[in-house]
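Student: What follows is a single structure, and I will ask about it in a moment.
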Amino acid sequence: MKLRTLVWRELFERKSQMLTCLLAILLGITAVVSIKNITYFSEKAVAREMDSLGANVLVLPKSVTLQDYYSADMHDEVIPEEYVMRLTMSDIEGVDNLSPKLNVPVEVGGRKFAFTGILPKSEFQAKAAWAGAGIFSRPMGCGAIDVEGQSEPEDKKTLVRKRVIKDLGDHEILIGSEVADLQGIAEGDSLTLLGEPFSVIAILPETGTVDDSRIFGHLHTVQRLAGKGEVVNCIEVVGCCKEIAAGLVDGVNRLLPDAKVVTVKQVVATQQNVNGMMERVSLIFLIIIVVVGGAGIANYMFSNVYERRREIGTLMALGAESGVVLRIFLLKALLLGLAGGVGGYVIGTTIAVTLGPKLAGVPVFPMPILALWGVGISVGITLVASYIPARRAAGLDPVVTFQEV
Amino acid sequence: MRAIITTLVVGGLFVATQGMGQAQTNRRYSVASRTATSNPSRGQAAMDAAAGDGQYLFVFFWKANDKQTQTMRGVFQSALNQWSGSASSISIQITDPNEKSLVAKFGVRRAPMPLVVAIAPTGAITKAFPIRFTGQQLRKAFVSPGTARCMKALQDRKLVLLCIQNGKSEFQQAALQGVQAFQADARFSTSTEVVTIDPDDNAERPFLQSLQVDPHTPTAVTVLLSPPGKTVATFAGAVSKEQIAARLTAAKSSCCPGGKCGPGGCCPK
Chain A
238 MKLRTLVWRE
248 LFERKSQMLT
258 CLLAILLGIT
268 AVVSIKNITY
278 FSEKAVAREM
288 DSLGANVLVL
298 PKSVTLQDYY
308 SADMHDEVIP
318 EEYVMRLTMS
328 DIEGVDNLSP
338 KLNVPVEVGG
348 RKFAFTGILP
358 KSEFQAKAAW
368 AGAGIFSRPM
378 GCGAIDVEGQ
388 SEPEDKKTLV
398 RKRVIKDLGD
408 HEILIGSEVA
418 DLQGIAEGDS
428 LTLLGEPFSV
438 IAILPETGTV
448 DDSRIFGHLH
458 TVQRLAGKGE
468 VVNCIEVVGC
478 CKEIAAGLVD
488 GVNRLLPDAK
498 VVTVKQVVAT
508 QQNVNGMMER
518 VSLIFLIIIV
528 VVGGAGIANY
538 MFSNVYERRR
548 EIGTLMALGA
558 ESGVVLRIFL
568 LKALLLGLAG
578 GVGGYVIGTT
588 IAVTLGPKLA
598 GVPVFPMPIL
608 ALWGVGISVG
618 ITLVASYIPA
628 RRAAGLDPVV
638 TFQEV
Chain B
4 MRAIITTLVV
14 GGLFVATQGM
24 GQAQTNRRYS
34 VASRTATSNP
44 SRGQAAMDAA
54 AGDGQYLFVF
64 FWKANDKQTQ
74 TMRGVFQSAL
84 NQWSGSASSI
94 SIQITDPNEK
104 SLVAKFGVRR
114 APMPLVVAIA
124 PTGAITKAFP
134 IRFTGQQLRK
144 AFVSPGTARC
154 MKALQDRKLV
164 LLCIQNGKSE
174 FQQAALQGVQ
184 AFQADARFST
194 STEVVTIDPD
204 DNAERPFLQS
214 LQVDPHTPTA
224 VTVLLSPPGK
234 TVATFAGAVS
244 KEQIAARLTA
254 AKSSCCPGGK
264 CGPGGCCPK
């Protein structure tokens with residue numbers, strides 16, 4: 238009889254007990270893999286936001302709480318549009334690029350989208366020069382060298398990356414990728430929104446954020462059509478350096494005491510806290526697997542050795558060496574570990590990919606490296622837990638076992 | 004005979020027609036004149052008058068005659084009374100239909116009110132004061148002639164080559180030649196203004212200080228400024244068109260200006 242036949246028979250000798258042990262390992266690995274998978278992509282999204290938006294500051298109505306940076310204007314509270322000019326005409330460093338927004342729901346082709354009014358930079362950037370002669374002593378700062386006749390034509394599609402647009406006509410709109418796909422809209426098309434015709438001047442590239450389901454138009458046109466007056470939902474201050482952003486917050490707070498000033502760091506703080514908590518939970522699960530799963534495996538193996546001591550004694554009497562017996566039990570543990578690791582990875586990854594976007598708000602994809610981790614941990618636990626029982630089985634004296642018959 | 008009479012009649016008719024047309028034109032002009040004089044923009048007239056007199060004009064924009072506006076109007080008038088020789092003032096309600104074009108020109112319809120805008124004789128807006136201000140703060144609107152000329156050009160979205168030199172400066176001619184060559188270049192001619200100031204002029208000291216230029220420097224200094232007032236480059240001594248163009252090109256394409264700085268990227272020094 239071959240070794241693997243012996244091992245296979247050993248595995249199914251006590252099916253219920255074996256399945257219980259396997260289940261414990263499987264569930265533990267499932268939990269660890271799914272948590273690690275979701276946390277990885279969530280942290281990546283946070284890092285990406287911090288990287289591209291880390292220098293940005295949001296000016297919001299006082300009563301607004303914010304979970305997601307990209308939906309900072311998706312609420313009903315407003316602040317006066319004049320705050321834009323107050324910022325522009327102030328001597329605060331780093332307010333070169335402002336993006337005030339007003340959000341109004343619209344229906345297109347039977348679906349609801351966000352019609353977002355944005356103010357082109359050309360309508361307020363001249364006021365930056367009204368800050369007085371003190372402007373000459375400021376550092377060079379951020380923002381383009383903007384000279385009459387010297388500037389490159391603007392690529393409107395950079396709105397989603399740069400967050401600011403230089404020029405936009407009263408009846409010109411930019412469409413998010415999801416809106417364009419769903420409605421079959423192309424550049425140059427006409428679209429009627431809130432009873433007025435608009436010309437689509439650009440389809441924006443996909444970003445994976447809520448901006449994909451927006452239609453961007455001129456702020457003053459949106460204000461007029463919505464009948465909301467000269468107000469905005471938020472003002473995005475697009476910084477180019479985090480050090481400037483740090484000093485900006487205090488200045489803006491003093492200038493606009495009736496508004497709330499939020500940094501991207503604060504926006505992502507909640508998500509970072511959740512990520513940290515999930516890391517700790519995955520560690521706890523790991524400890525539980527090691528303790529509970531390992532104890533379960535060890536108990537299973539010990540009881541297996543005790544119940545099968547006559548068979549083990551018989552095997553040894555027939556010429557099987559201690560090493561063979563040891564290998565039988567360790568191979569049994571290895572197979573259990575492999576099954577638990579692979580099964581746990583598959584189920585854990587499935588849970589992460591399906592539930593991750595709902596829980597963390599980010600797309601989650603399989604991570605093959607976690608298969609190695611899952612199998613490694615699972616096999617490690619089962620081997621370690623089975624080593625002592627396997628050594629005990631290998632050290633059995635056939636004469637003693639036969640005496641019990 | 005018949006021909007002569009016909010000619011006289013036709014000629015007479017022709018002259019009469021011309022006369023009637025002229026009378027109509029005169030009436031339209033008169034009507035137009037009456038229309039113009041009955042609804043003139045006081046703000047524009049004040050701007051023209053102040054520029055002609057070489058004075059600063061302080062424009063007090065307001066929307067509603069609320070308590071804040073009344074208080075600030077008092078501060079404004081009190082301050083302007085002290086400068087009656089060097090500055091004039093005018094109060095403009097932004098909802099006045101006669102001032103619609105002026106309000107649109109300044110783009111202040113949605114600005115925080117009340118708002119004071121100070122205009123130098125060059126036409127440059129030297130400072131704006133939204134909502135609340137003091138007389139002392141209003142005084143900061145007065146700038147040196149060199150500053151005002153630079154601000155005017157920058158507010159017209161032009162580059163400014165500021166030549167800080169006089170007859171005693173070393174490399175004066177060489178610097179001036181480089182600047183003139185740059186301005187003559189077709190790529191930059193329409194978008195560049197050259198302003199020269201004397202480093203010995205005490206009035207320009209604060210301006211030079213803000214540009215971090217030593218007024219006692221023996222060498223000619225050339226500063227390249229871009230809107231709204233950024234110092235792109237400073238050249239001491241002789242400078243060539245190519246050097247100026249190279250610094251401008253580098254500034255246009257470098258990380259911070261017009262670009263995005265990464266987490267560990269550049270920051271202004």
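One line per chain: the protein sequences are A and B, in this order.
Each residue of the first sequence is one higher than the one before, counting from 238 in the numbering used here.
Each residue of the second sequence is one higher than the one before, counting from 4 in the numbering used here.
Just so you know, even glycine gets a beta-carbon here, dropped at the ideal spot from N, CA and C.
Computed from a predicted model, the values in this text were never measured in an experiment.
Below 8 Å between beta carbons is the criterion; list the residues of the region 223-248 of chain B that meet it against any residue of chain A, in chain order.
Tutor: Leu228, Ser229, Pro230, Pro231, Gly232, Lys233, Thr234 and Val235
Student: State yes or no: is the beta carbon of Ala365 of chain A nearer than 7 Å to at least one beta carbon in chain B?
Tutor: In the first sequence, residue 365 of chain A corresponds to position 128, counting from 1. The Cβ of Ala365 of chain A sits closer than 7 Å to at least one Cβ of chain B.
Student: Just checking my contact of Leu259 of chain A with Leu573 of chain A at CB under 8 Å: how many whole Å lie between their CB atoms?
Tutor: Taking the first residue of the first sequence as position 1, residue 259 of chain A is located at position 22. Taking the first residue of the first sequence as position 1, residue 573 of chain A is located at position 336. Leu259 of chain A to Leu573 of chain A, Cβ: 6 Å. Contact.
Student: Ordered along the chain, which non-local residues of its own chain (more than five positions away) have a Cβ less than 6 Å from that of Ser33 of chain B?
Tutor: If you number the second sequence from 1, residue 33 of chain B lands on position 30. Only weak support is given to the placement of Ser33 of chain B: the predicted model assigns it a pLDDT of 29, under 50, and the value that follows is read from those uncertain coordinates. Within the same chain, Ser33 of chain B has no close Cβ partners at all.
Student: Run down chain A in chain order and give the residues with a C-beta less than 9 Å from the C-beta of Val146 of chain B.
Tutor: Mapped onto the second sequence, residue 146 of chain B falls at position 143. In chain order: Gly369 and Ala370.
Student: What is the DSSP secondary structure of Pro337 of chain A, counted as helix, strand or coil?
Tutor: Taking the first sequence and counting its residues from 1, one reaches residue 337 of chain A at position 100. Three-state result, Pro337 of chain A: strand.
Student: By Cβ distance below 8 Å, which residues in the same chain neighbour Ile588 of chain A in space, the five residues on each side in sequence not counted?
Tutor: Here the question's residue 588 of chain A lines up with position 351 in the first sequence. Counting only Cβ-Cβ distances below 8 Å, and skipping sequence neighbours, we find Thr267 and Ser271.
Student: Going by other Cβ atoms of all chains shown within 10 Å of its Cβ, with 16 needed for buried, is His219 of chain B buried or exposed?
Tutor: Walking along the second sequence from the start, residue 219 of chain B turns up at place 216. When all chains shown are included, His219 of chain B counts as exposed.
Student: What residues from chain A crowd round Lys143 of chain B, counting only those whose CB sits closer than 7 Å?
Tutor: On the second sequence, position 140 is the one that residue 143 of chain B refers to. In chain order: Gly369.
Student: Which whole runs of the alpha helix (DSSP H) in the region 128-186 of chain B are 4 residues long or more, in chain order?
Tutor: 138-142 and 148-158
Student: Count the other CB atoms, across all protein chains shown, that sit within 10 Å of the CB of Phe350 of chain A; report buried if there are 16 or more and exposed otherwise.
Tutor: In the first sequence, the residue the question calls residue 350 of chain A occupies position 113. Buried.
Student: Taking the runs of the beta strand (DSSP E) that are 3 residues or longer, which of them lie wholly in the region 479-509 of chain A?
Tutor: Runs of the beta strand (DSSP E) inside the region 479-509 of chain A: 496-500.
Student: Going by the CB atoms, is the gap between Ala121 of chain B and Ala107 of chain B shorter than 7 Å?
Tutor: Here residue 107 of chain B refers to the residue found at position 104 of the second sequence. Here residue 121 of chain B refers to the residue found at position 118 of the second sequence. Cβ distance not < 7 Å, so Ala107 of chain B and Ala121 of chain B don't count as in contact.
Student: Quick check: the Cα distance between Val489 of chain A and Glu330 of chain A, rounded to an integer number of angstroms?
Tutor: Locating residue 489 of chain A in the first sequence gives position 252, where the first residue counts as 1. Locating residue 330 of chain A in the first sequence gives position 93, where the first residue counts as 1. Rounded to whole angstroms, Val489 of chain A to Glu330 of chain A spans 10 Å at the Cα level.
Student: Kindly indicate which three-state DSSP category Lys234 of chain B falls into: helix, strand or coil?
Tutor: Numbered from its first residue, the second sequence carries residue 234 of chain B at position 231. Reading off the sequence shown, one finds Thr at residue 234 of chain B, where the question assumed Lys. Three-state result, Thr234 of chain B: strand.
Student: Using CA atoms only, rank isn't needed, just tell me which of A:Met255, A:Gly484, A:Asn274 and A:Arg241 is closest to Trp610 of chain A.
Tutor: Along the first sequence, read from residue 1 onward, the residue named residue 610 of chain A stands at position 373. Ranking the options by Cα distance to Trp610 of chain A, first place goes to A:Asn274.
Student: Measure the C-alpha to C-alpha separation of Glu516 of chain A and Tyr307 of chain A and round it to an integer number of angstroms.
Tutor: Here residue 516 of chain A refers to the residue found at position 279 of the first sequence. Here residue 307 of chain A refers to the residue found at position 70 of the first sequence. In a straight line, the C-alpha of Glu516 of chain A is about 25 Å away from that of Tyr307 of chain A.
Student: Grouping DSSP H, G and I as helix and E and B as strand, with all else coil, what is Thr125 of chain B?
Tutor: Mapped onto the second sequence, residue 125 of chain B falls at position 122. DSSP places Thr125 of chain B in coil when its eight states are reduced to three.
Student: At a CB-CB cut-off below 8 Å, which residues of chain A make contact with Ile97 of chain B?
Tutor: Counted from its first residue, the second sequence places residue 97 of chain B at position 94. Within 8 Å Cβ-Cβ: nothing; Ile97 of chain B doesn't reach chain A, min ~12 Å.
Student: Val602 of chain A CB to nearest chain B CB: under 7 Å?
Tutor: Against the first sequence, residue 602 of chain A aligns to sequence position 365. It is Phe, not Val, that sits at residue 602 of chain A in the sequence shown. No, because no Cβ of chain B sits closer than 7 Å to the Cβ of Phe602 of chain A.
Student: Would Pro357 of chain A be called buried (16 or more neighbouring beta carbons within 10 Å of its own) or exposed?
Tutor: Looking up residue 357 of chain A in the first sequence gives position 120. Its Cβ being crowded by 16 or more others within 10 Å, Pro357 of chain A is buried.
Student: Just checking my contact of Ile438 of chain A with Leu411 of chain A at CB under 8 Å: how many whole Å lie between their CB atoms?
Tutor: Mapped onto the first sequence, residue 438 of chain A falls at position 201. Mapped onto the first sequence, residue 411 of chain A falls at position 174. 6 Å between Cβ atoms; contact.
Student: Do Lys497 of chain A and Leu297 of chain A have their C-beta atoms closer together than 7 Å?
Tutor: Mapped onto the first sequence, residue 497 of chain A falls at position 260. Mapped onto the first sequence, residue 297 of chain A falls at position 60. Yes, the Cβ-Cβ distance between Lys497 of chain A and Leu297 of chain A is below 7 Å.
Student: Taking only beta-carbon atoms, is Arg323 of chain A less than 7 Å away from chain B?
Tutor: Here residue 323 of chain A is taken as the residue at index 86 of the first sequence, counted from 1. Yes, contact with chain B.
Student: Grouping DSSP H, G and I as helix and E and B as strand, with all else coil, what is Ile472 of chain A?
Tutor: The residue given as residue 472 of chain A occupies position 235 in the first sequence. Ile472 of chain A: strand per DSSP, three-state reduction.
Student: Compare the C-beta of Phe350 of chain A with all C-beta atoms of chain B and state if any pair is closer than 7 Å.
Tutor: Mapped onto the first sequence, residue 350 of chain A falls at position 113. No - not a single Cβ of chain B is within 7 Å of the one on Phe350 of chain A.
Student: Identify each residue in the region 315-343 of chain A for which the Cβ-Cβ distance to at least one residue of chain B is less than 7 Å, and report them in chain order.
Tutor: Glu318, Glu319, Met322, Arg323 and Met326
Student: What is the DSSP secondary structure of Gly354 of chain A, reduced to helix, strand or coil?
Tutor: The residue given as residue 354 of chain A occupies position 117 in the first sequence. Gly354 of chain A falls in the strand class under three-state DSSP.
Student: Once DSSP output is grouped into helix, strand and coil, what is the label at Ile272 of chain A?
Tutor: By one-based count along the first sequence, residue 272 of chain A stands at place 35. Residue state, collapsed to three classes: helix.
Student: To test your reading of the DSSP string, which unbroken beta strand (DSSP E) runs of 3 or more residues are found completely within the region 46-73 of chain B?
Tutor: If you keep only unbroken beta strand (DSSP E) runs of at least 3 residues inside the region 46-73 of chain B, you get 59-65.
Student: Does the CB of Glu467 of chain A have a neighbour CB from chain B at under 7 Å?
Tutor: Translated into positions along the first sequence, residue 467 of chain A becomes position 230. The Cβ of Glu467 of chain A sits closer than 7 Å to at least one Cβ of chain B.
Student: Taking the Cβ atom as the reference point for each residue, do Gln420 of chain A and Val501 of chain A lie within a distance shorter than 7 Å?
Tutor: The residue you call residue 420 of chain A lines up with position 183 of the first sequence. The residue you call residue 501 of chain A lines up with position 264 of the first sequence. No, Cβ-Cβ distance for Gln420 of chain A and Val501 of chain A is not below 7 Å.
Student: Here's a check: name, in chain order, each residue in its chain whose Cβ is nearer than 7 Å to the Cβ of Tyr320 of chain A, leaving out the five neighbours to either side.
Tutor: Taking the first sequence and counting its residues from 1, one reaches residue 320 of chain A at position 83. The answer, listed in chain order, is Val296, Ile472, Leu493 and Ala496.
Student: Which residue wins for smallest C-alpha separation from Lys130 of chain B, given the options A:Gly347, A:Val384 and A:Ser327?
Tutor: Position 127 of the second sequence, counting from 1, holds the residue named residue 130 of chain B. Out of A:Gly347, A:Val384 and A:Ser327, A:Ser327 has the C-alpha closest to the C-alpha of Lys130 of chain B.
Student: Roughly how many angstroms separate the alpha carbons of Lys239 of chain A and Leu575 of chain A, rounded to a whole number?
Tutor: In the first sequence, the residue the question calls residue 239 of chain A occupies position 2. In the first sequence, the residue the question calls residue 575 of chain A occupies position 338. If you take the alpha carbons of Lys239 of chain A and Leu575 of chain A, they lie about 21 Å apart.
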